[in-house]
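Below: one structure, written as structure tokens.
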Amino acid sequence: MPKPMSTRFLTRPAEPSAAPDTGRKRRRGPRRALPRTITAYGLLSAALVCFALFSWYPIVRGVLLSFQQVNFVDAPEWVGLENFQRLFSDPLFGVAWRNTLLFTGFALLFGFAVPFLTAVLLNELRHARTFFRLVVYLPVMLPPVVTALLWRWFYDPGPGLFNEVLGTLGLPALSWLDSSDTAMLSLVLVATWANMGTTTLIYLAALQTIPGELYEAAELDGAGIWKRLRHVTIPQTRFVLLVLLLLQIVATMQVFTEPFVMTGGGPDNSTVTVLLLLYRYAFVYNDFGSASAMSLLLFVALGVFSAAYLRLTTRREP
Amino acid sequence: MTAARTIVSPTQLRSRAGRTVYWTVLLLTLLAFVLAFLFPFYWAVTGAMKSAGELAQVPPTLVPNEWHPETFATAWSEIDLGRYLLNTVVVAGGAWAIQLAVDVPAAYALSKLRPRFGNLVLGMMLSTLMLPATALLVPTYLTVSEVPIVGVNLLNTPAAIWLPAAANAFNIFVLKRFFDQIPDELLEAATIDGAGPIRTMWTIVLPISRPILAVVSIFAVVTAWKDFIWPLLVLQDPSTQTLSVLLQRIAPDMPLNLLVAGLVLTSLPMIAVYLLFQKQILAGLSAGSIKG
């Protein structure tokens, strides 16, 4: 979809915004309310049309398509669970899910820890703050295709930058994208580099809202630097950490551009992801029914996961 | 600037040992940032200017032996970048204009006119944010290929990107939240002066809302410029493609130095936007942000 995953609305979770006033009696009697409503729907009409055509209708249609066979000549035919059966019997189906989970796992390891630690570090530094903030976000501005193609060149086993760097440091060269052992990890590295600016800056903003007195109090109680991090910093940023973690899992489960541009799913199908397989079903095999079934499975999996995650993490809230 | 109190205490920082550690860490971080986030850009820009032979050489050279800045001009004409740049500008510019034209009046109506069932409409819009973006890929593609009721095929036209982009619940949410904070008294004063709701929006609400309009605008353009999967699906005719789709398509057959030059040229507009609007971008980010 043209819309990216959005992680906005996190940094100011509990801001008491200008009183939610929808319930207040502002309308002066029904005589004024009706023209107002008509004008309002006039202003809303374009948005309603766009949402109806390109959001609400596709939602319904996506579910229907999962149980249909379409070829655009005959009317769509109901096939029940046949699309799902076809997916389950595809040996790549399991591979794609495993690879996607692997990508998400690695992406969390790096994409979650590295930006958080970077933000904590930057928050301590008193100099060159503008420089750090400016530079860490620079890769985010690059189109993902550009990043992927550049990194494919950096990964080149011959004249590539990375093996040269490893060589200079006296380390053995790696095969990066060319071996099924390292290909997925190489994709995670690119994705982390390209996206960490966003998360780092959101964490940094969250860290800056922590009242300094808390650290002072912790220090008076004899807490060392490590304990201050564990008992002040992390609990104070817990909300942002939890929500970003969830959004990152949801976003990385949909990884597509990096494997599509950098490896095409290879070597040995080691980077075929769910979305790459979905793309193949839809636009290579023209099997829109099975592709929709795949979307539905991904949607259900992420939905169940998100609900469980939110439930588990908010229950412990005091 | 007096920095706020953080994990490390000012006393620890003032001690001799503290200062040594601080400056060491600062320098190491600076070095790491330069290597991680600036060096790849240097490598790409200089790589593009190496001769084809030098670019394939093992080990690679840190500074080009011979400079070939004309590679950029060659790439521009060989790849026909001008045309694809124009396609991209049309896609991104149109996505921006349509998003503002559709989402601003909608947010204004929901925030200030509070029509009947307004909350229901808002809720239905916001609920689309819960959906993983890719779940709608196939059905939206099919919808764009034959729009219901009117029956037109938008594939290979920029409208295939513009119209779905306008159904952006997040924009409506952010704009509405901003409009909510504009005091109603201000609008009532305009009403008493005889201005209708649309005139009030145009002459009072929009001028006040410049900061949020800037944020929404920048993110609309940047998102459209960076997008790949959707243009890949809906712009299959090569002559209509955007830079990202083009580069991905021609990458396997392009000489490396021309490709790298093309990549650099494609990134320049976004980097220019970033340097010009960094304040708005970073502010928009800490008010909430976009993840690519």
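Protein sequence lines correspond, in order, to chains Y and U. Each step along the first sequence adds one to the number in my numbering, with nothing skipped, and position 208 is 205. So my numbering is basically just the index in the second sequence, starting at one, shifted up by 147. Cβ coordinates follow ideal geometry from the N, Cα and C atoms, glycine included.
Among the options, the one whose alpha carbon lies nearest that of residue i
i	options	result
leucine 228(U)	Asn318(U), Thr275(U) and Ser414(U)	Ser414(U)
glutamine 204(U)	Asp153(Y), Glu74(Y) and Asp71(Y)	Asp153(Y)
alanine 256(U)	Val172(U), Ile319(U) and Leu410(U)	Ile319(U)
threonine 218(U)	Tyr421(U), Ala408(U), Gln159(U) and Leu422(U)	Ala408(U)
leucine 98(Y)	Phe302(Y), Leu309(Y), Phe113(Y) and Phe51(Y)	Phe302(Y)
glycine 261(Y)	Leu174(Y), Val162(Y), Ser63(Y) and Pro232(Y)	Leu174(Y)
valine 247(Y)	Leu278(U), Ala195(U), Phe317(U) and Asn266(U)	Leu278(U)
isoleucine 199(Y)	Thr249(Y), Thr115(Y), Ala104(Y) and Leu78(Y)	Thr115(Y)
proline 263(Y)	Glu79(Y), Ala93(Y), Gln82(Y) and Phe64(Y)	Just to set this straight, residue 263(Y) is glycine in the shown sequence, not proline. Of the listed residues, the one whose Cα sits closest to glycine 263(Y) is Ala93(Y).
valine 369(U)	Thr338(U), Leu405(U), Ile428(U) and Ala313(U)	Ile428(U)
proline 378(U)	Ile308(U), Ala430(U), Ala244(U) and Phe424(U)	Ile308(U)
tyrosine 306(Y)	Thr189(Y), Gly157(Y) and Leu238(Y)	Leu238(Y)
glutamine 425(U)	Ile397(U), Val381(U) and Val362(U)	Val362(U)
Three-state class that DSSP yields for residue i in the structure shown
i	result
glutamate 216(Y)	helix
glutamine 388(U)	coil
glutamate 79(Y)	helix
glutamine 205(Y)	coil
glutamate 213(U)	coil
glutamine 383(U)	coil
glutamate 316(Y)	Residue 316(Y) cannot be examined here, being either before or after the span of chain Y that is shown, -2 to 315.
glutamine 246(U)	helix
glutamine 427(U)	helix
glutamine 328(U)	coil
glutamine 251(Y)	coil
glutamine 66(Y)	strand
methionine 517(U)	Any question about residue 517(U) goes unanswered here, given that chain U covers just 148 to 439.
aspartate 153(Y)	coil
glutamate 293(U)	coil
methionine 196(U)	coil
leucine 139(Y)	coil
serine 183(Y)	helix
threonine 153(U)	coil
threonine 218(U)	helix
arginine 24(Y)	No answer about arginine 24(Y) holds up, because its pLDDT of 45 lies below 50 and its placement is not dependable.
aspartate 175(Y)	helix
proline 17(Y)	Any reading at proline 17(Y) needs caution, since the residue's pLDDT is 48, under 50, leaving its predicted position unreliable; the model's value is listed next. In the structure shown, proline 17(Y) sits in coil (DSSP, three-state: anything other than H, G, I, E or B).
phenylalanine 100(Y)	helix
histidine 228(Y)	helix
serine 162(U)	coil
phenylalanine 188(U)	helix
arginine 230(U)	helix
Exposure label - residue i; buried when at least 16 CB within 10 Å
i	result
threonine 235(U)	buried
glutamine 246(U)	buried
glycine 59(Y)	buried
serine 224(U)	exposed
aspartate 340(U)	exposed
tyrosine 231(U)	buried
threonine 389(U)	buried
proline 88(Y)	exposed
valine 210(U)	exposed
arginine 225(Y)	buried
tyrosine 169(U)	buried
tyrosine 282(Y)	exposed
asparagine 404(U)	buried
tryptophan 401(Y)	The question about residue 401(Y) has no answer, for chain Y in this structure spans -2 to 315.
aspartate 265(Y)	exposed
glutamate 210(Y)	exposed
leucine 394(U)	buried
leucine 295(Y)	buried
valine 229(Y)	buried
serine 162(U)	exposed
tryptophan 223(Y)	exposed
tyrosine 189(U)	exposed
valine 162(Y)	exposed
Closer than 7 Å: residue i CB and nearest the ligand MN heavy atom
i	result
valine 247(Y)	In the structure on display, the ligand MN does not appear, and there are no ligands present to speak of.
Looking at chain Y, which residues of the segment 410 to 431 of chain U have a Cβ within less than 9 Å of any of its Cβ atoms? Leu410, Val411, Thr413, Ser414, Met417, Ile418, Val420, Tyr421, Leu422, Gln425, Ile428, Leu429 and Gly431
Residues of the segment 123 to 140 of chain Y in Cβ contact with chain U at a cutoff of 8 Å, in chain order, please. Arg123, His124, Ala125, Phe128, Phe129, Arg130, Leu131, Val132, Val133, Tyr134, Leu135, Pro136, Val137, Met138, Leu139 and Pro140
Taking beta-carbon pairs under 7 Å, can you tell me which members of the segment 61 to 90 of chain Y lie near chain U? Against chain U - using a Cβ distance shorter than 7 Å - the residues of the segment 61 to 90 of chain Y are Leu62.
What are the residues in the segment 44 to 59 of chain Y lying within 9 Å of chain U by C-beta distance? Answer in chain order: Ala44, Leu45, Val46, Cys47, Phe48, Ala49, Leu50, Phe51, Ser52, Trp53, Tyr54, Pro55, Ile56, Val57, Arg58 and Gly59.
In the segment 30 to 44 of chain Y, which residues sit with their C-beta less than 7 Å from some C-beta in chain U, listed in chain order? Arg33, Thr34, Thr36, Ala37, Tyr38, Leu40, Leu41, Ala43 and Ala44
Interfacial residues, the segment 208 to 226 of chain Y to chain U, with Cβ spacing under 7 Å: Gly209, Tyr212, Glu213, Glu216, Ile222, Arg225 and Leu226
Using Cβ-Cβ distances below 9 Å, what residues of the segment 241 to 264 of chain Y are close to chain U? Using a CB distance below 9 Å, the part of the segment 241 to 264 of chain Y facing chain U consists of Leu241, Leu244, Gln245, Val247, Ala248, Met250, Gln251, Phe253, Thr254, Phe257 and Val258, ordered along the chain.
So if I threshold CB-CB distances at 9 Å, which residues from the segment 314 to 338 of chain U count as touching chain Y? Residues passing the 9 Å Cβ filter: Ala314, Asn315, Ala316, Phe317, Ile319, Phe320, Val321, Arg324, Asp327, Gln328, Ile329, Pro330 and Asp331.
Taking only beta carbons into account, state which residues of the segment 197 to 211 of chain U come closer than 8 Å to chain Y, listed in chain order. Leu202, Ala203, Gln204, Val205, Pro206 and Pro207
Of the residues that make up the segment 237 to 260 of chain U, which ones have a beta carbon closer than 8 Å to any beta carbon in chain Y? Ala242, Ala248, Val249, Asp250, Pro252, Ala253, Tyr255, Ala256, Leu257 and Leu260
In chain order, each alpha helix (DSSP H) run of at least 4 residues that lies wholly inside the segment 324 to 377 of chain U: 331 to 339, 344 to 347 and 357 to 373
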